[in-house]
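As numbered in UniProt numbering, residues 1 to 58 make up the sequence shown, in order. Every residue gets a Cβ at the ideal spot worked out from N, C-alpha and C, and that includes glycine. Keep in mind it's a predicted model, so treat the numbers as computed, not measured. This report concerns only the one structure given below.
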Amino acid sequence: MEPDCPRCGDSLTAFTLAGVEALACEACGYVGVEADHSGDRTVVESWDDALRRFHEES
């Protein structure tokens, strides 16, 4: 019996390569890799600000 996906509850599929097993969910794409998607917010420069900076520096 395959374990259930922690994300969607569907059954996980086991893939084995060179003796290493990985579990993945074909329904939602879960692959068991923890990832932090919060990240640091980056300030995006507007075109007006970029052009102003360009003209000031030239």
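When only Cα atoms are considered, S58 and S38 end up about 37 Å apart. Excluding residues up to 5 positions away in sequence, S11, L12, C25, A27, C28, Y30 lie with their Cβ nearer than 8 Å to the Cβ of C5 in the same chain. Rounded to the nearest whole angstrom, the CA to CA distance from R53 to A35 is 36 Å.
DSSP, read as helix, strand or coil, puts A35 in coil.
Shown here for A18: not one same chain residue has a beta carbon closer than 8 Å to its own, the five before and five after excluded.
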